[in-house]
Amino acid sequence: KCGAAITKKRGLQAYDPKLHLAGIPMGQRQLTPYTISGTDTVCDGDDLHFVNNAAMQQEWD
Numbered sequence: 613k614c615g616a617a618i619t620k621k622r623g624l625q626a627y628d629p630k631l632h633l634a635g636i637p638m639g640q641r642q643l644t645p646y647t648i649s650g651t652d653t654v655c656d657g658d659d660l661h662f663v664n665n666a667a668m669q670q671e672w673d
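If you read the sequence shown in the working numbering, its first letter stands for residue 613, the second for the next number, and so on.
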């Protein structure tokens, strides 16, 4: 009840804790775009990471 009240009050109905890799099963990662701080630039994680291979990400999982 308390969680639902806070969600309604703060307007976080779309919040998905799994979006931030908290316990996502291997191979089910959701990639979200990054906003570069101090700018309005939005880019994919593949553009920023030196390892952008899905197989390597699964190995680390």
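Ideal Cβ placement from N, Cα and C applies to all residues, glycine included.
Residues that residue i bridges to, as DSSP identifies them
{"i": "THR647", "result": "VAL654"}
DSSP state of residue i mapped onto helix, strand, coil
{"i": "LYS613", "result": "coil"}
Distance CB(residue i)-CB(residue j) smaller than 8 Å
{"i": "LEU643", "j": "GLY623", "result": "no"}
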